[in-house]
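Accompanying notes for the structure given below.
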Amino acid sequence: MNFKVNPIFENNTDSILNTIKMFSSTGELFGNGDRNKIKLFDFNGKTINIKSFKVPHFINKIAYKYFRKSKAKRSFEFANKLLELGVGTPEPIAFAEFSSVLGLEKSFYVSEHLNADLTYRELVEIPDFPDRENILRQFTKFSFDLHEKGIEFLDHSPGNTLIKKNASGNYDFFLVDLNRMEFHNSMSFEMRMKNLCRLTPLEEMVATMSNEYAKYYKAESEEKIFETLWKYTSDFQEKFYRKKRLKKKLKFWKK
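Going by full-length UniProt numbering, 41 is the number at position 41 of the sequence shown; the sequence numbering is gapless.
Here's what the structure looks like:
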């Protein structure tokens, strides 16, 4: 077993590890658990979130044990890195890996559970969501700041940023699902636009984001930002729905 705990929670090491070991039989399921399973646990009066990653296939079992960091370990390390860079994410608590001679079997990432007011997805699905444009513009500034810090959040998709309204009436943003992330000294214009292309299929939202991004990114015009972001968005949507149609066909032929 490979287990590491955030120094802040060192006094609770045994308790955290026991909670992980009892994951399958206790806790409250959060979400649908289709791929990875997330459960909530009461821990010293606060709610913690434990993510159990899907058992990898044979080749990845070996890769994650000997050659690559597991998704759980990457999530823990990236969360700490984000906090160092001043980017919001639920407090990382620990990660654990359980292996056999065949390679990695199970892995878990533990963090504090954050009750969000919304995610970006609500802005896409509910056109009249209260304060929608203001939230979208603040989210765009948050994304610009990520790019300025060289953070390429590879899973920058609608459900992976939690949004909370703060006491001042503005919004705070917290990244989740952290295992795919890269850090750069700087990010090119193309990298920045590609990083935003998975968020919405709606042209009016892309237009608003382009307008807001242009206020801070002076290297390109608003027109160029919109044109490039909309192209990457359209390409992504086409690929996404092509893949969906293919899956439907495969399911049909399997019947």
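Note that the Cβ used here is the ideal one computed from N, Cα and C, for glycine as well.
Item to complete: Buried or exposed for residue 243, please, with buried defined as at least 16 other CB atoms from any protein chain shown within 10 angstroms of its CB.
Response: One-based indexing of the sequence shown puts residue 243 at position 243. Counting Cβ neighbours within 10 Å, residue 243 comes out exposed, since fewer than 16 surround it.
Fill in: C-alpha distance - residue 135 paired with residue 232, whole-angstrom precision
For the purposes of this step, residue 135 is taken as the residue at position 135 of the sequence shown. For the purposes of this step, residue 232 is taken as the residue at position 232 of the sequence shown. Approximately 22 Å, taken between the alpha carbons.
Item to complete: For my contact list, residue 146 and residue 160 are in at a C-beta cut-off of 8 Å; report their separation, rounded to the angstrom.
Response: Stepping through the sequence shown from its first residue, residue 146 is reached at position 146. Stepping through the sequence shown from its first residue, residue 160 is reached at position 160. With 8 Å as the limit, residue 146 and residue 160 do not qualify as a contact, their Cβ atoms being about 12 Å apart.
Discussion item. By DSSP's criteria, residue 172 is part of a beta bridge. Which residues make up the other side?
Written reply: Residue numbering aside, residue 172 sits at position 172 when the sequence shown is read from its first letter. In DSSP, residue 172 forms a bridge with 164.
Worksheet item: If you compare alpha carbons, which of 186, 197 and 50 is closest to residue 148?
Response: Position 148 of the sequence shown holds residue 148. For residue 148, the nearest C-alpha among the options comes from 186.
Discussion item. Give the list of continuous alpha helix (DSSP H) stretches no shorter than 4 residues that lie fully inside the region 165-240.
Written reply: 189-196 and 203-216
Practice prompt. Give the range of the beta strand (DSSP E) segment to which residue 110 is assigned.
Written response: Taking the sequence shown and counting its residues from 1, the one referred to as residue 110 is at position 110. Where residue 110 is concerned, the enclosing beta strand (DSSP E) stretches over 103-112.
Discussion item. Assuming residue 62 is part of the alpha helix (DSSP H), what are its boundary residues?
Written reply: As a first step, residue 62 is located in the sequence shown; it is residue number 62 there, counting from the start. From DSSP, the alpha helix (DSSP H) with residue 62 extends over 58-66.
Worksheet item: DSSP state of residue 96, grouped into three classes?
Response: Working through the sequence shown from its first residue, we reach residue 96 at position 96. It is a strand residue.
Discussion item. If contacts are defined as beta-carbon pairs under 8 Å, then residue 157 and residue 118 qualify, I think. What distance do you get, rounded to the angstrom?
Written reply: Taking the first residue of the sequence shown as 1, we reach residue 157 at position 157. Taking the first residue of the sequence shown as 1, we reach residue 118 at position 118. At roughly 15 Å, the Cβ-Cβ gap does not stay under 8 Å, so residue 157 and residue 118 are not in contact.
Worksheet item: For the beta strand (DSSP E) that residue 5 lies in, which residues bound it at each end?
Response: Counted from its first residue, the sequence shown places residue 5 at position 5. Looking at the DSSP string, the run of the beta strand (DSSP E) that includes residue 5 is 2-5.
Worksheet item: Do you know how far the Cα of residue 104 is from the Cα of residue 56?
Response: Position 56 of the sequence shown, counting from 1, holds the residue named residue 56. Position 104 of the sequence shown, counting from 1, holds the residue named residue 104. In a straight line, the C-alpha of residue 56 is about 7 Å away from that of residue 104.
Practice prompt. Grab the span of the beta strand (DSSP E) containing residue 26 for me, first residue to last.
Written response: Residue mapping note: residue 26 aligns to position 26 of the sequence shown, counting from 1. Per DSSP, residue 26 belongs to no beta strand (DSSP E) and is neither H nor E.
Worksheet item: Between the region 60-68 and the region 35-46, do three or more beta carbon pairs fall short of 8 Å?
Response: no
Worksheet item: Is it right to say residue 38 is buried, meaning 16 or more other beta carbons lie within 10 angstroms of its own, or is it exposed?
Response: Here residue 38 is taken as the residue at index 38 of the sequence shown, counted from 1. Classification for residue 38: buried.
Discussion item. Please report the straight-line C-alpha distance between residue 22 and residue 52, rounded to a whole angstrom.
Written reply: As a first step, residue 22 must be located in the sequence shown, where it is residue number 22. As a first step, residue 52 must be located in the sequence shown, where it is residue number 52. Using only the alpha carbons, I get a separation of about 12 Å.
Fill in: Unbroken beta strand (DSSP E) run spanning residue 49, endpoints
Position 49 of the sequence shown holds residue 49. It spans 46-52 - the beta strand (DSSP E) in which residue 49 sits, taken as one unbroken run.
Worksheet item: Which residue's Cα is closest to the Cα of residue 85: 72, 97, 96 and 142?
Response: Looking up residue 85 in the sequence shown gives position 85. For the residues 72, 97, 96 and 142, the minimum Cα distance to residue 85 belongs to 142.
Item to complete: Tell me whether the beta-carbon of residue 60 lies closer than 9 Å to the beta-carbon of residue 30.
Response: The residue given as residue 60 occupies position 60 in the sequence shown. The residue given as residue 30 occupies position 30 in the sequence shown. Not in contact: residue 60 and residue 30 (Cβ atoms no closer than 9 Å).
Worksheet item: Would residue 202 pass as a contact of residue 229 if the rule is Cβ separation under 9 Å?
Response: In the sequence shown, counting from the first residue as 1, residue 202 sits at position 202. In the sequence shown, counting from the first residue as 1, residue 229 sits at position 229. No; because the gap between Cβ atoms is not below 9 Å, this pair is not in contact.
Worksheet entry | For residue 124 and residue 9, the rounded distance between their alpha carbons | Counting from 1 along the sequence shown, the entry for residue 9 is found at position 9. Counting from 1 along the sequence shown, the entry for residue 124 is found at position 124. So the alpha carbons of these two residues sit roughly 37 Å apart.
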